[in-house]
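Colleague: Before I ask anything, let me first share the structure, which is written out below as structure tokens.
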Amino acid sequence: CVSSCPPACGAQGPCDPRNSTTNCTGRCEPITLELCMNLPYNSTSFPNYLGHQSQRESSVSWESSLFPALVQTNCYTYLMFFACTILVPKCDSVTQQRVPPCRSLCLSSKQHCESVLGMVGLQWPEESHCSQFPEEGSNVTCLLPDPDVHECSPSHFKCRSGRCVLAYKHCDGHTDCDDHSDEDNCGCVERGLWACPSSRVCIKPSMICDGFPDCPLLEDERNCSMCSDNELACNNHECVHRTLWCDGRKHCSDSSDEWDCVSLSPGEGSLLTVFRTAVHYQVCADEWTPELSALTCSQLGLGAPVAVEMVPDPPGAPRRRWLHVHPEWSQRNGSALQGLLEKRGHSCHSRRRVSVVCSSEDCGRRPAGRVYKR
Amino acid sequence: VLGGRVSRPGRWPWQCSLQSEPSGHICGCVLISPRWALTVAHCFEGRESADQWKVVLGITNLDHPSPHRQSSGVTRIIAHPRYSRAVVDYDISVVQLARAVQVTSYVQPVCLPRPGQLPIPDTYCYITGWGHMGNRMPFKLQEGEVRIISLPQCQAYFDTKTITSRMLCAGYEAGTVDSCMGDSGGPLVCEEPSGGRWRLFGLTSWGSVCFSKVLGPGVYSNVTHFTQWIHRQIYLHSFQLN
């Protein structure tokens with residue numbers, strides 16, 4: 001029993017096979033299955049004629065992949081319409097009952113397309129026996145295609161010849177339509193897209209200056225900010241005053257002013273450096289504590305500290321910019337390290353810099369296999 | 001996993017099961033630290049609220065009690081802001097666990113790739129999951145060895161535009177070993193040549209209809225592309241920056 005009963009059956013728990021699909025049909029609901037959004041009707045009722053209990057189940061079914069692929073072979077003009085009548089059956093708004101396709105529509109679809117499936121070793125969906133559908137003209141209402149029926153689903157591009165090809169094959173550089181119409185008028189502009197200057201890549205206009213580079217040379221994220229001299233540009237191109245950069249509080253709406261504020265220099269004895277107010281600072285070892293070493297490693301995602309050293313500045317070293325531990329840092333629980341440091345008027349008394357070596361959190365090791373004696 | 005085999009208990013200690021009532025297991029996930037896991041964004045379609053999910057670790061058999069089992073609620077689901085439901089691009093989510101799991105020999109995090117580190121085409125890596133086996137859903141965790149397929153080769157299987165740089169392909173032309181429905185969000189891991197450390201390069205995302213005879217490789221979210229984004233999400237949600 002793979003799913004719970006439809007709500008109309010009044011069941012939330014495991015379903016009873018006796019009432020899951022036969023006596024119990026759901027109420028009308030709007031069609032949400034993208035594949036079938038351009039039908040001449042817009043509400044459906046479940047279970048459908050393939051035994052699916054919901055549109056979600058339909059959307060991940062084998063049939064909802066099979067039919068769009070099969071439509072491309074042009075085996076039958078109304079195949080997609082038939083597919084949708086069994087995937088998302090029409091719901092009669094008066095009776096709240098599903099309306100089946102007519103048997104002749106089913107038979108025509110099967111007659112034209114079953115052999116195509118056979119060529120690639122696939123079978124016509126077992127659940128879609130045409131005998132279950134009423135004859136046209138009988139006293140049961142059934143669906144037949146009319147002039148309003150779209151041959152292609154919304155997931156398809158319709159060639160000038162009338163053939164359907166999958167929408168993503170439109171303008172992909174390969175001819176898919178028999179009349180080549182899927183590759184006509186395929187410039188970026190013609191498709192409502194923006195052309196990256198250095199390449200033939202087209203991107204959506206909404207992707208320009210959105211903080212994510214999409215063009216190969218990142219041109220879509222250039223010249224997006226108009227910041228003044230005392231401001232820096234956030235990743236999403238907002239402007240934030242330099243003095244607010246890396247102060248432990250978010251000022252860019254994407255938080256990018258608080259990214260990459262703390263680092264350990266790889267080639268210089270793992271010295272701690274903090275980028276604050278758009279300038280790199282050394283951290284003065286005065287008042288440094290083991291808790292701050294642990295926070296540094298944790299913030300960098302590197303586990304726990306294994307070695308902490310207060311490195312004396314060599315005589316004649318260049319004048320450094322120092323950050324000092326804030327006197328009330330311990331009351332700022334949960335802050336990032338850069339929020340616990342401050343600039344002071346005086347230099348570092350000890351003239352020692354903080355160096356921290358972190359353990360790198362252990363990961364990616366499987367436990368050793370046990371040895372069983374034979 | 002199609003064409004795989006039952007895993008030995010504890011062999012993949014980072015594999016987790018993302019569960020929601022009443023269905024139980026919905027997707028796979030991967031532990032990357034005691035408080036954080038990764039999965040794919042499409043697992044949360046229609047069930048976006050964190051409080052209806054739990055993460056289960058340390059198990060092999062989905063419906064058997066295990067002394068190594070640990071579970072946690074979910075505090076936060078961070079889907080990639082550019083996730084596209086239509087083309088399954090940027091299919092990744094970071095999941096914050098309600099409590100830190102205890103690292104044991106059955107529950108351990110996996111390493112993320114280094115910046116720019118991609119798996120080498122034609123090398124062999126492993127996928128794992130409780131997804132469909134082609135004829136039935138398994139109770140025991142399955143593992144399968146898959147070959148990494150280069151981006152151009154994969155684009156030839158599917159379509160140039162369908163396969164983006166946010167995706168990785170792995171498997172076989174004949175589809176003999178492949179991930180399937182229910183494996184989504186689970187790991188594609190490769191062992192480093194020097195010394196037994198495993199890195200997470202992919203998260204099971206999509207592919208052809210795996211239990212038909214439509215062939216081809218599986219498509220995985222390319223974790224390398226997202227490493228910086230993952231680190232930033234963890235950082236931003238671990239410290240009080242507001």
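Chains as they are written, first to last, in our numbering: chain A, 1 to 374; chain B, 1 to 242. Ideal Cβ positions, reconstructed from N, Cα and C, are used throughout, including at glycine.
1. Mapping DSSP to helix, strand and coil, what is A:Glu-378?
2. Roughly how many whole angstroms lie between the Cα atoms of A:Val-71 and A:Cys-164?
3. Classify A:Leu-217: buried if its beta carbon has 16 or more other beta carbons within 10 angstroms, exposed otherwise.
4. Let me know the secondary structure DSSP gives A:Ala-304 once reduced to three states.
5. Per DSSP, B:Asn-222 is paired with what?
6. Please specify which runs of the beta strand (DSSP E), each continuous and at least 3 residues long, are wholly inside the region 37 to 91 of chain B, giving them in chain order.
7. Any beta carbon from chain A within less than 8 Å of B:Tyr-235's own beta carbon?
8. So, helix, strand or coil for A:Ser-335, using DSSP?
9. Using the Cα positions of B:Lys-33 and A:Trp-288, report the straight-line distance between them to the nearest angstrom.
10. Looking at C-beta atoms only, is the number of pairs between the region 80 to 91 of chain A and the region 27 to 41 of chain A that lie closer than 8 Å three or more?
11. Out of curiosity, what's the CA-to-CA distance linking A:Ala-307 and B:Tyr-172?
12. Step through the CB atoms of chain A and report whether any lies within less than 8 Å of the CB of B:Phe-201.
13. Please compile the residues from chain A whose C-beta is within a distance smaller than 9 Å of the C-beta of B:Ser-33.
14. Kindly list, in the order they appear in chain A, the residues whose Cβ is closer than 8 Å to that of B:Val-209.
15. Using the Cα positions of B:Val-40 and B:Leu-203, report the straight-line distance between them to the nearest angstrom.
16. Please name the residue in B:Glu-143, B:Ala-86, B:Pro-9 whose C-alpha comes closest to that of B:Thr-60.
17. Which residues in chain B sit within 7 Å of A:Trp-259, going by Cβ to Cβ distance?
18. Could you give the DSSP three-state label for A:Val-354: helix, strand or coil?
19. Using beta carbons (cut-off 8 Å, strictly below), is B:Thr-162 in contact with chain A?
20. Quick one: what does DSSP say B:Cys-111 is sitting in, helix, strand or coil?
21. How is A:Thr-21 classed by DSSP in three states: helix, strand or coil?
22. Counting only Cβ-Cβ distances shorter than 7 Å, please list the residues of the region 199 to 221 of chain A near chain B, keeping chain order.
23. B:Gly-196 versus chain A: which residues are under 8 Å apart at the beta carbon?
24. Give the interface partners of B:Pro-105 over in chain A, defined as CB-CB distance under 7 Å, in chain order.
25. Using a Cβ-Cβ cut-off of less than 9 Å, give me the residues of the region 169 to 189 of chain B that come near chain A, in sequence order.
26. On a Cα-Cα basis, can you pick out the residue from A:Arg-332, A:Gln-111, A:Ala-285, A:Val-94 that is closest to A:Pro-312?
27. Suppose contacts are defined by Cβ-Cβ distances below 8 Å. Is A:His-324 in contact with A:Leu-340 by that definition?
28. Who are the neighbours of B:Gln-108 on chain A, taking C-beta pairs under 9 Å?
29. Does B:Gly-131 get closer than 8 Å to chain A when you measure Cβ to Cβ?
30. Let me see if you follow: with CB-CB separation under 8 Å, is B:Cys-111 close to chain A or not?
31. Given this structure, state the Cα-to-Cα distance separating B:Met-137 from B:Ile-26, to the nearest angstrom.
32. Leaving out five residues before and five after A:Met-37 in sequence, what residues of the same chain have Cβ atoms less than 6 Å from its Cβ?
33. What's the call for B:Ser-105, buried or exposed, on a 16-neighbour Cβ count within 10 Å?
34. In the DSSP assignment, find the beta strand (DSSP E) that holds B:Ile-32 and state where it starts and stops.
35. Within the same chain, show all residues whose beta-carbon is closer than 6 Å to that of A:Pro-7, passing over the 5 residues directly before and after it, in chain order.
36. In chain order, which continuous runs of the alpha helix (DSSP H) of length 4 or greater are located wholly inside the region 17 to 75 of chain A?
Modeller: Walking through what the data contain:
1. Absent from the structure is residue 378 of chain A, since the part of chain A shown begins at 1 and ends at 374.
2. 7 Å
3. exposed
4. coil
5. B:Gly-202
6. 54 to 57, 70 to 79
7. yes
8. coil
9. It is Ser, not Lys, that sits at residue 33 of chain B in the sequence shown. Their backbone Cα atoms lie some 27 Å apart in a straight line.
10. yes
11. Distance between the alpha carbons of A:Ala-307 and B:Tyr-172 is about 47 Å.
12. no
13. Those within 9 Å of B:Ser-33 in chain A are Gly-301, Glu-361, Cys-363.
14. Trp-62, Ser-65, Leu-66
15. 7 Å
16. B:Pro-9
17. Arg-232
18. In the three-state reduction of the DSSP assignment, A:Val-354 falls in the strand class, which pools E and B.
19. yes
20. strand
21. In this prediction, A:Thr-21 has a pLDDT of 46, which is less than 50 and means its spatial position is unreliable; what the coordinates show is noted afterwards. The answer is coil: DSSP assigns A:Thr-21 none of H, G, I, E or B.
22. Per Cβ criterion, the list reads Phe-212.
23. Here the neighbours are Arg-365, Arg-366.
24. Looking at the sequence itself, residue 105 of chain B is Ser, so the reference to Pro does not match. Per Cβ cutoff of 7 Å: Pro-367.
25. Met-181, Val-189
26. A:Ala-285
27. no
28. Asp-362, Cys-363, Gly-364, Arg-365, Arg-366, Pro-367
29. B:Gly-131 has a beta carbon lying at 8 Å or more from every beta carbon in chain A.
30. At least one chain A Cβ lies under 8 Å of B:Cys-111.
31. Going from the Cα of B:Met-137 to the Cα of B:Ile-26 covers about 12 Å.
32. Pro-154
33. Only exposed fits B:Ser-105, as fewer than 16 other CB atoms lie within 10 angstroms of its CB.
34. 24 to 33
35. Residue placement at A:Pro-7 is flagged as unreliable, the pLDDT there being 49, under the threshold of 50; a coordinate-derived value is accordingly withheld.
36. Entirely contained in the region 17 to 75 of chain A, the alpha helix (DSSP H) runs reaching 4 residues are, in chain order, 55 to 59, 62 to 71.
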